[in-house]
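J.: Heads up: the sequence shown begins at 1226 in my numbering, then just goes up one per residue. C-beta: ideal position from N, C-alpha, C; glycine also. Below are the structure tokens for one structure; questions will follow.
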Amino acid sequence: MMQDREHGAKSVGVRTNFHLQFITTPTSDTPGTNLILHFDNKRYIFGELCEGTQRACISRGIGLRKIRGVFLSGKTAWNNGGLIGLILTMADVQQGEVEGEGSTRRPRLNIYGGPKQQHSLACARRFVFRTGMPLSIHEANVQKSPEPPSMVHEDENIRVWAIPAKFATSAATQTEDQCESDADAESERTDVDESRLSAEQSLREHIVNNMFDSDWKRDRLVQCKLKDIKLPAVVWIRDPETKNLTSYTCFSPDNIGPLTMETDVLVRTPWPASTVQQLPEASALPTKVATSYIIKGHAQRGTFDAAKAASLGLKPGPLYAQLVAGKTVENGAGQTITPDMVLTPTRPGKGVAIFDVPSVHYLVGLEQRLEACPDHLFEGLEAAIWITRGSVPYSDRFRQMLNKHKNIKHIVSHPDLCHDHITQDSFSISSIRLNNIASEFFAVPRYDNIHAYRPIVATSSPDIREVLAIEDSHIDVLPAKRGLRIHVEPTFALDESEIPDALDLASLDLPMETRVQECLPEDMSPYRRTAASPSTMELDEPEIITLGTGSAAPSKYRNVSAVLLRMPKDMGTYLFDCGEGTLGQLQRLYTPDEMDKLLFNLKAIWISHLHADHHLGTISVLQAAVSARKRLSGPERPRPPPPCLISEINMMDYMDDYHSVLGMPTEALCTPVACHWTEGMSLRGKSFDFSQTNVPIKDLRTVKVNHCHGAQAVSVTFNNGFKFSYSGDCRPNEAFCNIGADSDVLVHEATFDDGLDGDAKAKKHCTTGEAVGVALKMRAKNLILTHFSQRYQKLPVLSSVKMPEHNPEDEVDDDVDGEMTTGPTTISADAPAQSTDTSAWVEQDATRDLNIGVAFDLMRVKVSQIASFKKLLPAISKMFEIEEEKREQQRREAAAIAQAEQDRKMADKLARQEANRKKLQEATGKKKKDTRNKRKLEDGTNKPSANTNAKATENGSAADPMSAAAITHPMDVDSEGSRAQADR
Ligand SMILES: [Zn+2]
Ligand SMILES: [Zn+2]
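Take a look at the structure:
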């Protein structure tokens, strides 16, 4: 059966056309390597789904609507850091998709990976909840002995075999690789109870199903006795007569208002997935396994030999088609003609291999597995894509493996071989324009088109053969590049035409428009960095760096939430929220040495709430901090304790669940400080305060805010008296104004423009005017607004300031978290940018004495500088206005080109119809012409306009960053249509 499939008997009639294309190669903000496999009806992603993958897809115009399979390669750790964000976005954009014709079910998303993948996703059950997104996780089966790899996936397009390779040390590799994490050194458990393992796996599977495809409904209430519920909780009592529901907040058994513990109450059923308090430890599962894949298309039928058919007495027509479709026919003389008589032989499908080797210790395991492969698996294999780390590509064993497979092409991805080029072209160009206005505040991202961010071997040689010391000229090897296409069927070929030129920001000439210049303040000295300016690393006062300033999902211009606070004089650095890609944003701002210092001094990370856009970057930042502490500490410089991770208890539980995936105890990464608005801070159940630590914080207070379950706003007073308040996501909150009273700096969310009050209320966010109102009521000295929802960069609209009101409803409206279960709504902020009247910012009486800054990604501002920020707003606003005009112009031009193309197609169609009509007339010998009808058709063919050569490409100019269009901001081509702006 397998044999038949291999040789294609089953697939006569199949003719396919498909290719792979690199989405990312390792850079600062896309640390992983992944590719998209492209068929017309479906797409698949292969490789590492590191943080930043989703944003890379957006910037390259790669749509997620048709993704049906994700094949995670390598070792399950945090190489899947971009997976959750990607699935959530897929859940939104695939809403209209159905399984097949006549079905209403959504197509299932299949995710393949190594051991612990199921566990890794189940860890997110406390904050991921979607309905109607069927999803399955398939973990590669790790056998005790190297057996032939098994086929894990087969559909109408491809067949995929998973190759899990085990970690193995040999004398040759023992000292070779320093990059292998400590976790790999620990020995694997052998005392495993198979039946227990399988029960645990099904629990994880059940949880993951519930996270994405549950029939649970938020508004479903169940009846029980108050004593049976975990307090605090909100409960309802139904009036027996009026049938109305009244809600009560019960805090603790001694604080339950008019109720008794025996009262029958109604409660919301909790998310089914969140009821599992702790996952079984994943450390019983195989740890040191790196998964690779072989991907093959189906066998391809041969070509039709018309001459042979004619010699067999067949005439062109339906019989030909039947033969091509694999059917047997009869010729005129009654002879049976089988397809193989007129078709060249069917050939096996072509394919590629993706070998993921996280360190040299996995090479032996991979080699053994490949040796166990039956020959037919390599049949049709045209190329191997190597995703490598550490010293793998420099090892002899690696060269031996290339040598063994010299008949195919080898494409190697490794941080040393892939340069740290700019990945977010639109954002980077925009940052130059802001930098032109005020270089003191707006940084241009760091990049290097020659080297990696932190190369282990400096490679300035452009020749990969030289770098890898490959002497054998028969080995065909080239480095991976984003945009490189690998055509597999019908003809294998590498296509470099879509590799974007590496953007060289330094060489771009983007002069400031006169209209912008006219809006600048008279004295520009506070805004410009000069040779005399102190280094950005030296501080004599606190500095705020807004690393990610967008809401919900990352976009072209704004990454998700993260604010860095740097305190002067060894008082440390602090992160307030840490969305996916935070580490990447830091690397775009600081050199490796500066990063080490920052991370060595990282004293605390505050996570405001567990929406995915606020914390999915935490693990990678903490891991990087571990390495920085290792690198910088020594005999004279003792290693500092890990930073405090401060958030609600669910974040600590998440870390505790995840530790067995990382193979590292939570305490090695962070000091897990649970924080509750009434109970205060605790460390593993014991009361906690900073006096026991090296953290110079005098006071940290939080309040519960109206946004989602467990969301808190925080106010921190440092030992030197500096007071910093951070809202997280919320509706305006009076209690926050109290704890944050007289703050030196308030960073507040302002998701919606003024005028979108309804959206702000429904989504539990603030408008600009509401955020300003909170700052005024708090008597904050400085305000920085962030967490914007707009797709285009522009200034938020401020029309009127709204002071926060005391809203008793907020207190009982417990955790109704509309965002988590509703799908995306197209909100009005998605509409074309409204123009901003900047006068409201400067001239409103209420805000005259408030210093206001508006956050952009990679903006850095010292506290004393916020006062001067407002004077820049007219110039920034004008700059965006001009950009928007240019975009509008491009939209019009693109629309005109598309129209011309449509006209041309219509003209072609009419011309064809006319030709067919003539043919028919001639054939039927009809001489008489219906002149009236003809004139009608000719009128049609005359209509189309010039410009028939113009072609509107699918991705517009977005793929080529150096095109003129890209430099003046490529049109925000959003192949998904309206993006989900719902926060998560
Ligand atoms: Zn948010
Ligand atoms: Zn949120």
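Hey, could you find the ends of the beta strand (DSSP E) D1924 is sitting in?
T.: Looking at the DSSP string, the run of the beta strand (DSSP E) that includes D1924 is I1922 to K1929.
J.: Let me know the secondary structure DSSP gives H1378 once reduced to three states.
T.: strand
J.: Output the boundary residues of the beta strand (DSSP E) element that contains V1669.
T.: V1669 -> no beta strand (DSSP E), and no H or E assigned at all.
J.: Could you tell me the distance, in whole angstroms, from the CA atom of L1971 to the CA atom of Q1649?
T.: So the two alpha carbons sit approximately 29 Å from each other.
J.: Where does the unbroken alpha helix (DSSP H) through Q2127 begin, and where does it stop?
T.: L2098 to A2148
J.: Sort H1834, R1856 and D1914 by Cα distance to P1817 and report the nearest one.
T.: R1856
J.: What is the rounded straight-line gap between the Cα of E1324 and the Cα of E1696?
T.: Those two C-alpha atoms are separated by around 50 Å.
J.: Would you check if the distance between the CB atom of E1873 and the CB atom of C1900 is smaller than 8 Å?
T.: yes
J.: Flag A1458 as yes when its Cβ comes closer than 7 Å to any non-hydrogen atom of ligand 1, and as no otherwise.
T.: no
J.: Could you round the C-beta distance between A1936 and S1833 to whole angstroms and report it? I think they count as a contact, below 8 Å.
T.: Rounded, the Cβ-Cβ distance is 6 Å, consistent with contact.
J.: Just how far apart, CA to CA, sit R1783 and Q1810?
T.: 11 Å
J.: According to DSSP, is T1993 helix, strand or coil?
T.: helix
J.: Taking the continuous alpha helix (DSSP H) assigned at F1271, which residues delimit it?
T.: Looking at the DSSP string, F1271 is not in any alpha helix (DSSP H); the run it does join, the beta strand (DSSP E), is R1268 to G1272.
J.: List the residues that DSSP assigns as beta-bridge partners of M1906.
T.: C1900
J.: Taking the alpha-carbon positions, what's the T1684 to I1283 distance?
T.: 30 Å
J.: Are I1197 and V1637 touching if we call contact CB-CB under 8 Å?
T.: Here the chain has residues from 1226 to 2209 only, and residue 1197 is not among them.
J.: Can you tell me which residues form a DSSP beta bridge with L1971?
T.: S1950 and L2008
J.: Going by the CB atoms, is the gap between C1275 and G1294 shorter than 8 Å?
T.: no
J.: Along the chain, where does the alpha helix (DSSP H) containing M1566 start, and where does it finish?
T.: P1564 to V1567
J.: Should K1781 be counted as a contact of ligand 3 given a C-beta to heavy atom distance under 7 Å?
T.: With respect to small molecules bound, the structure shown includes ligand 1 and ligand 2 and not ligand 3.
J.: Out of G1708, K2134, V1713 and L1730, which one is the CA nearest neighbour of E1721?
T.: G1708
J.: Which partner residues of M1436 appear in the DSSP bridge assignment?
T.: None, per the DSSP bridge assignment.
J.: Report, in whole angstroms, the separation of the C-beta atoms of F1271 and I1579, which I expect to be a contact under 8 Å.
T.: 5 Å
J.: Is the CB-CB distance between W1279 and G1310 below 8 Å?
T.: Strictly speaking, residue 1279 in this sequence is Gln, with Trp absent from that position. Yes, these two residues count as a Cβ contact at 8 Å.
J.: Any heavy atom of ligand 2 inside 7 Å of the beta-carbon of C1933?
T.: yes
J.: Buried or exposed: where does S1760 fall if 16 or more other Cβ atoms within 10 Å of its Cβ makes it buried?
T.: exposed
J.: Please state whether DSSP places I1312 in a helix, a strand or coil.
T.: helix
J.: Is the region 1460 to 1474 close to the region 1429 to 1436, with three or more CB pairs under 8 Å?
T.: no
J.: Alpha carbon to alpha carbon, what distance is there between I1292 and F1243?
T.: Put simply, the backbone Cα of F1243 is about 14 Å away from that of I1292.
J.: Can you list, in chain order, the residues of its chain whose CB lies under 7 Å from that of V1928, leaving out five sequence neighbours each side?
T.: W1902, Q1937, A1938, N1958, A1960, F1961 and I1964
J.: Could you name the residues of the same chain whose beta carbon sits closer than 7 Å to that of A1347, not counting the 5 residues immediately before and after it, in chain order?
T.: R1429, I1432, V1433 and L1504
J.: CB of A1777 to nearest heavy atom of ligand 1: below 7 Å?
T.: yes
J.: Do you know offhand how far T1398's Cα is from L1693's?
T.: Only weak support is given to the placement of T1398: the predicted model assigns it a pLDDT of 48, under 50, and the value that follows is read from those uncertain coordinates. So the alpha carbons of these two residues sit roughly 17 Å apart.
J.: Grab me the residues of T1774's own chain with a C-beta within less than 7 Å of its C-beta, minus the 5 sequence neighbours each way, in chain order.
T.: Counting only Cβ-Cβ distances below 7 Å, and skipping sequence neighbours, we find R1783, T2011, H2012, F2013, A2080, F2081 and D2082.
J.: Less than 7 Å separating the Cβ of D1954 from some heavy atom of ligand 2?
T.: Correct: D1954 has its Cβ closer than 7 Å to ligand 2.
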